[in-house]
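Structure, as structure tokens:
Numbering (this note's numbering), first residue to last: 1 to 288.
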């Protein structure tokens, strides 16, 4: 895949307080990159610095083409500053800034606000505003999308529809850089994960690599066998029994399954849980 954005040794501070320190990564086309970090970690500052909305102190940000603004769509946390304007008006106004915008009806349908086309923005719910912000980011038919906490305020159905749209955009060749507090939403779609912690990137890789780094997997099963049967397994980190239900934590799934194989006839409902992204990140941070 081709590299569409390269960030090298980026630094940013406010009033002599370091916010971002030595940030380096690259984005490849047709992929979803998830930036994860606690509130105040600097996620929004990083996006703003990349997009030259605020100046960087040092470092380099290089897009693959010079007119990157024409192929970039942005959805920030609070980017609907015009209230006394109608939905259809803001969509058409945004479209007018681009040479080859997406059709109005395509954007309106994607927003799900067909019945609210003549509604003023300040009369929309928070979830409706987020959906509108999303289609405004798509108005110019961008190749690269920056989405900052895109599903905050959306209900469950709207969030599901949103991520279906992201999957389609990815399949069409778009590059998507997204931050979100809903980590469970990211694990099924993110190709690359960046963890922003202590002002810098402490992890840059795939979910598979993060799992390997965090090193903990849950194996569950039901059995009438005694807990003593499993206590001697060399590869387990911990073992818990609740009635006839067993939970094993391991960092070597293959070895643990091999050690369990002599007892498989006495085991039912065996399940291997690679753990949610949220659990993996907690494990990763505990190991640091």
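Even for Gly, the Cβ is constructed at its ideal location relative to N, Cα and C.
- Using a Cβ-Cβ distance cut-off of 8 Å, the region 191-205 and the region 33-50 are in contact, since at least three pairs of beta carbons, one from each stretch, lie closer than that value.
- When DSSP assignments are scanned along the region 244-268, the uninterrupted stretches of alpha helix (DSSP H) that are 4 or more residues long and fall wholly within it turn out to be 253-260.
- Annotation for residue 111: the continuous alpha helix (DSSP H) segment containing it runs 104-111.
- DSSP lists 11 as the bridge partner or partners of residue 58.
- For residue 184, no beta strand (DSSP E) segment is defined; the enclosing uninterrupted segment is the alpha helix (DSSP H) at 183-186.
- Residue 31 holds the alpha-carbon nearest to the alpha-carbon of residue 2 among 22, 13 and 31.
- Secondary structure at residue 204: strand, using DSSP grouped into helix, strand and coil.
- The continuous stretches of alpha helix (DSSP H) do not include residue 34, which lies in the beta strand (DSSP E) extending over residues 32-36.
- The three-state reading of DSSP puts residue 53 in coil, since its state is none of H, G, I, E or B.
- For residue 73, the pairing in a beta bridge is given by DSSP as 145.
- Between residue 73 and residue 138, the C-beta spacing is below 8 Å.
- Residue pairing by DSSP puts residue 221 in a beta bridge opposite 246.
- Here residue 192 is buried, its C-beta having at least 16 other C-beta atoms within 10 Å.
- Taking the C-beta atoms as reference points, residue 259 is found no nearer than 8 Å to residue 223.
- Annotated as proximal: residue 94 and residue 136, with beta-carbon spacing under 8 Å.
- The alpha carbon of residue 168 has as its nearest neighbour, out of 110, 180 and 131, the alpha carbon of 110.
- In this model, residue 152 and residue 113 are separated by some 17 Å (Cα to Cα).
- Look at residue 82 here: in three-state DSSP terms it is coil, with no helix or strand label.
- The beta-carbon distance between residue 231 and residue 218, rounded to whole angstroms, is 18 Å. This is too long to meet the 8 Å contact definition.
- Inter-residue distance for residue 50 and residue 71 is about 14 Å (C-alpha atoms, whole angstroms).
- Separation of residue 108 and residue 88 (C-alpha to C-alpha, rounded to the nearest whole angstrom) is 8 Å.
- If the five residues before and after residue 262 are omitted, its C-beta is found closer than 7 Å to no C-beta atom of its own chain.
- Taking a C-beta distance under 8 Å as the contact criterion, residue 149 and residue 179 qualify as a contact pair.
- Under DSSP, residue 19 shares a beta bridge with no residue.
- Taking a C-beta distance under 8 Å as the contact criterion, residue 143 and residue 174 qualify as a contact pair.
- Non-local C-beta neighbours of residue 104 in its own chain, meaning closer than 7 Å and more than five positions away in sequence, comprise 91, 92 and 95, ordered along the chain.
- The three-state secondary structure of residue 135, taken from DSSP, is helix.
- Between the region 9-17 and the region 45-64, the count of Cβ pairs shorter than 8 Å is three or higher; the stretches touch.
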